[in-house]
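Under our numbering, the first residue of the sequence shown is numbered 681, with each subsequent residue one higher.
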Amino acid sequence: MSAKSRWANEDPETEAIIAQQKREKEEKRRAKAEKQRQLEARKAQAQQDADSQPPNGEPGPPKKRRRLSNDPDAASDHAAVAKIEQEQRQQPTLLRFPVGEWGPCRHVDNFEKLNHIEEGSYGWVSRAKDISTGEIVALKKLKLENSPDGFPVTGLREIQTLMEARHQNVVYLREVVMGNKMDDVFLVMDFHEHDLKALLDEMREPFLPSEIKTVLLQVVGGLEFLHSQWIIHRDLKTSNLLMNNRGEIKIADFGMARYYGDPPPKMTQLVVTLWYRSPELLLGADKYGTEIDMWSIGCVFGELLTKEPLLQGKNEVDQVSKIFALTGPPNSQTWPGFRLLPNAKSLRLPPTSTISSAGNPPLLPRSRFPYLTNAGLSLMSALLALNPASRPTARQCLDHQYFKEDPRPKPREMFPTFPSKAGMEKRRRHQTPEAPKRGQEAPELDFAGVFGGAPGGDTGEVGAGFSLRLG
Ligand SMILES: Nc1ncnc2c1ncn2[C@@H]1O[C@H](COP(=O)(O)OP(=O)(O)OP(=O)(O)O)[C@@H](O)[C@H]1O
Ligand SMILES: [Mg+2]
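What follows is the structure, encoded as structure tokens:
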């Protein structure tokens, strides 16, 4: 029962006014308490949000509101907030480091396959459309079938090195998507209209010297970046160099790529497609470095000049003999220590094994590259030096006189465009050797026949059958 005013009986009007005043007072008190409660709740929420804020500045997932108190009284809320603040002051401060984002891969159904481009040793590549954005991409399905122990390390390497290799001359890996099975793994990359191999096959005339410089500068620019990131590509060849219709070159196919160190770790010799494989790998070196990529660049350079692969060996022994036919055989001056390489023991060198021409590394025979300037020939000779230590680094290559003399590199915008096979139809399968199979042991090789007569050579049964050209 409500307390009556002592004036109640005497003045009902006054009584009503007093009651009204009481209600208003009560309402004000409630509103004040409510305001206070809201204030405290906001403060607590702000504190909670700050705690859950990830270091990249994006809002964290919504959290449950922290319950401050059962007591609606604002005073106890105050106490609760004060207690939390005190606890937080006592807690050690956590150092926060940026972390990569994790999330489930999208499904390959998000892409509509348009046409098949190519089947290589490690994957099937197709042109596809991202259904949500309409963008055209290249989808490479990794071949993981020979991996009974789960996801193979080589597949992981391809993904990891490509993710790290963000450069304008390296193909851009957009994301990895999955099919229905665990081993349906697809790389989604930017699509580029050509690979240099297919393009050279289709072109009537080779590139102009100014165009070759533009292509080479981009390839070596991308490679310099990879090497600076401690990545060796280990399968550079024209079919792994993509080009778009804006004259941009992208290094692709990181199926063989891996990180290396200083000093280099022991690594398999069975890398790099035969025609682009360096002599130290062929002679069995298991410690090698970025120089093997520079050798491949020399082979690509030669191929750009003539449209034909430079050194088309039929097998390892034949490859070595074709190399020596071009460079002259090694000797202890041009390549100190080559005799220590495992396969060099069986190598029988001709008695006339002298330096083929002045200079170290020796200049390659001009007759093989009649249209190349002296600077061009000196660069080619350095890239194809038998001794890996004599080859230029990617940086030194970029600074070479060849790129500074006339004709100057053609601006990319001026590059001709070519009809794209990959854009519309299946490409012609090139008659080139495949990349080595991953995880295989390097075969034991007998190089006794490199200089004629003995096992090995062109067919693997007869000798290399070539006469060594010196000078
Ligand atoms: N992003 C891309 N855009 C357009 N075409 C591409 C792209 N990536 C690859 N290709 C085409 O697919 C071919 C095979 O791709 P890739 O070299 O990555 O596969 P692979 O199986 O490792 O090949 P291989 O073992 O034959 O070298 C390339 O030579 C090129 O023609
Ligand atoms: Mg390839």
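Here a beta-carbon is modelled for each residue, glycine too, at the ideal position from N, C-alpha and C.
Proximity winner among the options, relative to residue i (alpha-carbon distances)
{"i": "Asp881", "options": "Asn1054, Arg709, Glu1093, Leu984", "result": "Leu984"}
{"i": "Asp789", "options": "Met974, Ile811, Leu774, Arg776", "result": "Ile811"}
{"i": "Glu815", "options": "Leu1052, Arg854, Asp915, Ala845", "result": "Arg854"}
{"i": "Lys820", "options": "Ser1070, Pro1010, Leu867, Ala721", "result": "Leu867"}
{"i": "Lys809", "options": "Lys1101, Leu794, Leu1066", "result": "Leu794"}
{"i": "Thr948", "options": "Thr918, Leu962, Gly859", "result": "Leu962"}
{"i": "Pro1113", "options": "Asp966, Asp915, Asp875, His872", "result": "Asp915"}
{"i": "Glu804", "options": "Lys823, Ser1047, Ser976", "result": "Glu is not the amino acid found at residue 804; the sequence shown has Trp there. Per the Cα distances, Lys823."}
{"i": "His872", "options": "Ser908, Val817, Leu836", "result": "Val817"}
{"i": "Phe1083", "options": "Ser890, Ala1102, Asp973, Trp1015", "result": "Ser890"}
{"i": "Ala1115", "options": "His913, Arg884, Lys1101, Asn1040", "result": "His913"}
{"i": "Tyr940", "options": "His907, Gln716, Gly964", "result": "His907"}
{"i": "Asn1023", "options": "Val997, Ala696, Gln725", "result": "Val997"}
{"i": "Gln725", "options": "Glu988, Lys705, Glu765, Glu799", "result": "Glu765"}
{"i": "Phe934", "options": "Trp1015, Leu950, Met843", "result": "Met843"}
{"i": "Asp870", "options": "Gly964, Glu971, Ser806", "result": "Ser806"}
{"i": "Pro1087", "options": "Glu706, Thr894, Ala1102, Arg884", "result": "Thr894"}
{"i": "Leu888", "options": "Thr986, Pro1041, Arg926, Gly859", "result": "Thr986"}
{"i": "Gln909", "options": "Asn924, Pro1010, Asp942", "result": "Asp942"}
{"i": "Thr1014", "options": "Asn995, Pro1030, Pro1041", "result": "Pro1041"}
{"i": "Phe1018", "options": "Leu1078, Val857, Ala965, Val980", "result": "Ala965"}
{"i": "Glu928", "options": "Ile892, Arg957, Leu954", "result": "Ile892"}
{"i": "Val856", "options": "Gly783, Glu798, Leu922, Glu792", "result": "Gly783"}
{"i": "Met923", "options": "Phe1095, Gln727, Glu714, Ala713", "result": "Phe1095"}
{"i": "Glu798", "options": "Pro886, His874, Asp863, Glu792", "result": "His874"}
{"i": "Ala762", "options": "Pro886, Glu720, Glu714", "result": "Glu720"}
{"i": "Arg1028", "options": "Pro1050, Val980, Phe1004, Ser1100", "result": "Phe1004"}
{"i": "Ile911", "options": "Leu1125, Gln727, Glu838, Arg1092", "result": "Glu838"}
{"i": "Leu1125", "options": "Ala711, Asn995, Glu1085, Ala932", "result": "Asn995"}
{"i": "Phe1049", "options": "Gly982, Pro1099, Pro1030", "result": "Gly982"}
N-terminal and C-terminal residue of the beta strand (DSSP E) that residue i is part of
{"i": "Lys1002", "result": "Unbroken run through Lys1002 is the alpha helix (DSSP H), 996-1007; no beta strand (DSSP E)."}
{"i": "Phe791", "result": "791-799"}
{"i": "Gly902", "result": "Segment 889-908 is the alpha helix (DSSP H) holding Gly902; no beta strand (DSSP E) there."}
{"i": "Ser806", "result": "803-810"}
{"i": "Leu922", "result": "921-923"}
Residue i - containing alpha helix (DSSP H), residue span
{"i": "His847", "result": "From DSSP, His847 is part of no alpha helix (DSSP H); its letter is neither H nor E."}
{"i": "Met1060", "result": "1054-1063"}
{"i": "Leu819", "result": "First-last for Leu819: 816-822, but that is the beta strand (DSSP E), not the alpha helix (DSSP H)."}
{"i": "Arg1046", "result": "Careful: Arg1046 lies outside any alpha helix (DSSP H) and carries neither H nor E."}
{"i": "Phe866", "result": "Here Phe866 belongs to no alpha helix (DSSP H); instead the beta strand (DSSP E) covers 865-870."}
{"i": "Met974", "result": "971-986"}
{"i": "Lys930", "result": "Not the alpha helix (DSSP H): Lys930 falls in the beta strand (DSSP E), residues 929-931."}
{"i": "Arg884", "result": "It is not in any alpha helix (DSSP H) - Arg884 carries neither H nor E in the DSSP assignment."}
{"i": "Arg1019", "result": "Counting along the chain, Arg1019 falls outside any alpha helix (DSSP H), and DSSP gives it neither H nor E."}
{"i": "Pro1155", "result": "Here the chain covers residues 681 to 1151 and nothing more, so residue 1155 does not appear."}
{"i": "Leu1078", "result": "1074-1078"}
Presumed contact (8 Å Cβ cut-off) between residue i and residue j, rounded CB distance
{"i": "Leu1064", "j": "Gly978", "result": "4 Å"}
{"i": "Ala1074", "j": "Leu903", "result": "5 Å"}
{"i": "Thr918", "j": "Lys877", "result": "4 Å"}
{"i": "Lys946", "j": "Lys967", "result": "6 Å"}
{"i": "Val952", "j": "Ile972", "result": "6 Å"}
{"i": "Glu960", "j": "Pro1072", "result": "With 8 Å as the limit, Glu960 and Pro1072 do not qualify as a contact, their Cβ atoms being about 16 Å apart."}
{"i": "His758", "j": "Met858", "result": "About 53 Å separates the two Cβ atoms, so there is no contact after all."}
Residue i vs residue j beta-carbon contact at 7 Å
{"i": "Lys1002", "j": "Leu991", "result": "yes"}
{"i": "Ser1026", "j": "Phe1127", "result": "yes"}
{"i": "Thr937", "j": "Thr841", "result": "In the sequence as presented, Thr is not what sits at residue 937; that position holds Ala. A contact, by the Cβ cut-off of 7 Å."}
{"i": "His1080", "j": "Leu1059", "result": "yes"}
{"i": "Ser1061", "j": "Leu1043", "result": "yes"}
{"i": "Thr1097", "j": "Asn925", "result": "yes"}
{"i": "Pro1009", "j": "Trp955", "result": "no"}
{"i": "Thr1007", "j": "Leu1066", "result": "yes"}
{"i": "Leu950", "j": "Ala1122", "result": "yes"}
heavy atom of ligand 4 below 6 Å from residue i C-beta
{"i": "Asn920", "result": "In terms of ligand content, the structure shown lacks ligand 4 and carries ligand 1 and ligand 2 instead."}
Test: residue i CB closer than 7 Å to a CB of chain C
{"i": "Gly1056", "result": "Looking for chain C here will not work: only one protein chain is present."}
Query raised in the report: Can you find at least 3 beta carbon pairs, one from the stretch 833-849 and one from the stretch 889-905, that sit closer than 8 Å?
Result: yes
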